[in-house]
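Reading through the structure tokens given below for one structure.
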Amino acid sequence: MTDERSGIVRDGLAVGLATGLYGVSFGAIGVASGLSVLQTCVLSLLMFTGASQFAFVGVVAAGGAPVSGAATALLLGTRNTLYGLRMAPLLGWRGWRRAAAAHVLIDESTAMSVNRGTRAEARLGFASTGLSVFVLWNLATAIGAVGGQILGDPRTYGLDAAVGAAFLALLWPRLDVRSNQVVGLVAAAVALVLVPLTAAGWPVLAAGGVALLAGVLTRGTTDPTEVPGPGDVAGGHH
Amino acid sequence: MWTAILLACVGCYALKLAGLSLPARVLAHPVVERVADLIPVALLAALVAVQVWSTGPDLEVDARTAGLAFAVVALLLRAPFLVVVIGAAAVAALVRAL
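Here the protein sequences come in this chain order: W and U. Per this note's numbering, residue 19 is the first one in the first sequence, and the count goes up by one each step. Per this note's numbering, residue 99 is the first one in the second sequence, and the count goes up by one each step.
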């Protein structure tokens, strides 16, 4: 393996380690939200897209119907579709390889392969990052879930505050644009106004309507869809 | 609960596979792209607000706000994810214990 290629794999493993570790917090928050250890682990195994997983357990923890948790998770999952549209011509995979690649199509694997010079390097960056995040994220989820269950009442350890912090950390890299800051503030305000008025789960879904409205109203401004770069990923090179 | 979990899992996978399978022009409309870009921003911001300032149907300011304040400072200092999350939990737990 050339230096270039082993460097790509090393970066992928580093991102996998950094990202995978915070699977511990997902596992702990999952059981704190009222899911069983098995349900929490299944989310990491099968859903495998961090923001959607946190959203699902967050809505359930707030007392929302599981189905509104699912709807929020799906809305957040739509950004993976955009990554896929960008990655498909770069990766050029078909058949079972494409089906397998789809499962590990997430922020990190996209970020670590979108800027590679050749198809071989893009594939290597995608596969090494996707696989290492998958393995470590699932191991860490299981550890966090079992540990969280042993610890008992999550409020004693401030785990309920950890959920808000986790969402803020996921949101943070997207706040570098003024228009996104405005949308974020309006969405948060709309959600808070709706909390006493609607069933749990709806305030967050209504915030999705803010995104829809803002996207339509800002027609004409140039704001190309952003795909995360290596600098946006924990453990990536800055 | 299981039904919602499995539906969401299947749906999230379908969204990923669709991205790798559909021709790129499907979502090429600028409004669609912008909305898709703003959805994570709006949802994550709303999730922060609801998680930190609501308890059931009530709005409430408690120890979680202190945890969030820590998170903001940690993020401004470019702290890693785990430090942000665990630190926020520790601060909230500390405030509660006082």
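Just so you know, even glycine gets a beta-carbon here, dropped at the ideal spot from N, CA and C. As the structure is a prediction and not an experimental result, all values here were calculated from the model.
- Closer than 9 Å to the CB of Val159(U) there is not a single CB belonging to chain W.
- Per DSSP, the unbroken alpha helix (DSSP H) holding Thr99(W) starts and ends at 84 to 109.
- Taking a 10 Å sphere around the C-beta of Asp21(W), we find fewer than 16 other C-beta atoms and assign the residue as exposed.
- In this structure, the straight-line span from the alpha carbon of Arg115(W) to that of Val49(W) is close to 33 Å.
- Listed along the chain, the chain W residues whose CB falls inside 8 Å of the CB of Leu175(U) amount to none; the nearest CB is some 12 Å away.
- A buried status is given to Leu100(W), since no fewer than 16 other beta-carbon atoms sit within 10 Å of its beta-carbon.
- For Leu166(U), the enclosing alpha helix (DSSP H) has its first and last residue at 161 to 174.
- As a beta-bridge residue in DSSP terms, Thr153(U) pairs with Asp156(U).
- Secondary structure at Arg112(W): coil, using DSSP grouped into helix, strand and coil.
- Leu196(U) has a beta carbon lying at 9 Å or more from every beta carbon in chain W.
- For Asp29(W), not one C-beta of chain U is nearer than 9 Å to its own C-beta.
- Look at Val151(W) here: in three-state DSSP terms it is helix.
- If you draw a 10 Å sphere on the C-beta of Ile168(W), you find fewer than 16 other C-beta atoms in it, and that means exposed.
- If you draw a straight line from the Cα of Leu105(U) to the Cα of Val55(W), it is about 18 Å long.
- DSSP places Ser119(U) in the uninterrupted alpha helix (DSSP H) bounded by 100 to 119.
- Contact between the segment 221 to 237 of chain W and the segment 195 to 207 of chain W is present: 3 or more CB-CB pairs across the two stretches fall below 8 Å.
- Residues of the same chain with a CB within less than 6 Å of the CB of Leu188(W), apart from the 5 flanking positions on each side, are Ala69 in chain order.
- Between Pro107(W) and Ala144(U), the C-beta gap is not smaller than 9 Å, which leaves the two residues out of contact.
- A straight-line Cα-Cα distance of about 35 Å links Ala120(W) and Leu210(W).
- Distances from the alpha-carbon of Gly170(W) to those of Thr128(W), Ile47(W), Val75(W) put Ile47(W) closest.
- If you ignore the 5 residues before and after Val189(U), its C-beta comes within less than 7 Å of the C-beta of Ala164, Gly165, Phe168, all in its own chain and listed in chain order.
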